[in-house]
Amino acid sequence: MLKKFSLIPIIIFISSACTSETNSDQLKTKAIQADIKVSSNGDRTKVTVELNAGNSFGSNIRLSGGDKIIASTSTEQKVLKEDIDILDIDYEGRFGLTDDNANYYIELKRQAEANAFSQVSLPLNFEFITPTQISSINYNQDLFIQLDGSDLNSTTELSLNYGCKNGDSGTFSGSTNVSFINSSSTSMNLSDLGIFRNEDTKDFSDCSLDIIVERYRDGEISNSFSSNSRIRGIQLREIKNIKLTL
Numbered sequence: 012m013l014k015k016f017s018l019i020p021i022i023i024f025i026s027s028a029c030t031s032e033t034n035s036d037q038l039k040t041k042a043i044q045a046d047i048k049v050s051s052n053g054d055r056t057k058v059t060v061e062l063n064a065g066n067s068f069g070s071n072i073r074l075s076g077g078d079k080i081i082a083s084t085s086t087e088q089k090v091l092k093e094d095i096d097i098l099d100i101d102y103e104g105r106f107g108l109t110d111d112n113a114n115y116y117i118e119l120k121r122q123a124e125a126n127a128f129s130q131v132s133l134p135l136n137f138e139f140i141t142p143t144q145i146s147s148i149n150y151n152q153d154l155f156i157q158l159d160g161s162d163l164n165s166t167t168e169l170s171l172n173y174g175c176k177n178g179d180s181g182t183f184s185g186s187t188n189v190s191f192i193n194s195s196s197t198s199m200n201l202s203d204l205g206i207f208r209n210e211d212t213k214d215f216s217d218c219s220l221d222i223i224v225e226r227y228r229d230g231e232i233s234n235s236f237s238s239n240s241r242i243r244g245i246q247l248r249e250i251k252n253i254k255l256t257l
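Counting the sequence shown from 1 gives a position; the numbering used here is that position plus 11.
Following this line, the structure appears as structure tokens:
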């Protein structure tokens, strides 16, 4: 169903999405929930750490009182920098190491409370064998995806993001997940996914499709954090802005 937006709901959403903040020096380490992602696109790796009070619904944590997060590899070490957007506070750093099974070590170093040391290894690198240079695809066309290898120690997932203009000012967009037939290939007919089911597409134009493959494995999160914390290593590959014809 087409989602219509107006200014007032957007303002309400923005104001409600802005979470409150808690300084880290007010909390024991066990009261901190950590969500750590180490994500590589094959060229660079981005480390992102989000800290919340208690759980993912708790207030964002801003490091204070001398607390800091250090990420390191076999070749680099960096203090992660604060990044603030409208929704949350993250701590980020970028690294050059993207090798298969490369180890990343993330430590929350604290002045007055327990430190927390976590580690994860990147999944095996991969590339698309097919499709490679695809510029357009028809909604009724079969789509075959083949990767150049598998990784039995990781999980591989496929997401399809799609969107169209709808008339002069409207938009339609969505996302769907597709299971891999085996760990390195899958196929589907886009129409069978029903992404436009129950939609009146007569005014749709400029439709596009993104193919996103994520291979991930979980690492060893510090037991100093709250029990629902996580560290995940990710290899991510994308083919974006494929023209989708109906």
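Quick reminder that beta carbons are idealized off the backbone N, C-alpha and C, glycines included.
C-beta atoms of residue i and residue j nearer than 8 angstroms
i      : j      : result
Ser75  : Asp99  : no
Tyr115 : Val49  : yes
Ser194 : Asp159 : no
Arg226 : Thr143 : no
Ile43  : Ile242 : no
Ala45  : Ser240 : yes
Ser180 : Thr256 : no
Ser7   : Ile232 : In the structure displayed, the chain extends from 12 to 257; residue 7 sits before or after that span and is not available.
C-alpha gap between residue i and residue j, whole angstroms
i      : j      : result
Phe137 : Ala123 : 43 angstroms
Thr56  : Leu108 : 7 angstroms
Gly230 : Cys218 : 38 angstroms
Asn172 : Gly77  : 41 angstroms
Glu93  : Ile72  : 11 angstroms
Lys39  : Ser237 : 10 angstroms
Tyr150 : Asn200 : 8 angstroms
Asn112 : Asn52  : 14 angstroms
Thr86  : Phe191 : 34 angstroms
Thr33  : Leu204 : 43 angstroms
Phe106 : Ile81  : 12 angstroms
Arg228 : Lys176 : 36 angstroms
Lys41  : Gly244 : 23 angstroms
Ile250 : Asn164 : 24 angstroms
Glu61  : Glu103 : 9 angstroms
Ile206 : Lys213 : 15 angstroms
Thr141 : Gln88  : 36 angstroms
Ile145 : Asp54  : 21 angstroms
Option in the options with minimal Cα separation from residue i
i      : options                        : result
Thr197 : Ile156, Thr182, Ile222         : Ile156
Thr182 : Asn200, Leu201, Glu210         : Glu210
Pro134 : Leu257, Leu247, Thr256         : Leu247
Ser132 : Asp110, Tyr102, Ile145, Arg121 : Asp110
Leu220 : Arg105, Ser186, Ile80          : Ser186
Gly178 : Ile206, Phe215, Arg121         : Phe215
Ile260 : Leu62, Phe68, Ile223           : The requested residue 260 is not part of the displayed model; the chain covers only 12 to 257.
Ile47  : Leu255, Leu119, Ser31          : Leu119
Ser31  : Ser70, Thr59, Arg121           : Ser70
Asn234 : Arg121, Ser184, Ala127, Ser202 : Ala127
Ser202 : Ser170, Leu154, Gln88          : Leu154
Leu169 : Ser184, Thr59, Phe139, Ile145  : Phe139
Lys79  : Gln152, Asp54, Val58, Arg121   : Arg121
Contact with chain B by residue i, beta-carbon distance below 8 angstroms
i      : result
Ser238 : Absent here is chain B; the protein component of the structure consists of one chain.
Three-state class that DSSP yields for residue i in the structure shown
i      : result
Thr109 : coil
Leu158 : strand
Ser75  : coil
Thr40  : helix
Asp96  : coil
Ser129 : strand
Ser216 : strand
Asp211 : coil
Leu62  : strand
Asp203 : helix
Residue i burial status per 10 Å Cβ neighbour count (16 or more: buried)
i      : result
Ala125 : exposed
Val90  : exposed
Arg208 : exposed
Thr84  : buried
Ile97  : exposed
Ile95  : exposed
Ile25  : Legend: pLDDT at Ile25 = 42, less than 50; position of this residue unreliable, value from coordinates given subsequently. Classification for Ile25: exposed.
Asp101 : buried
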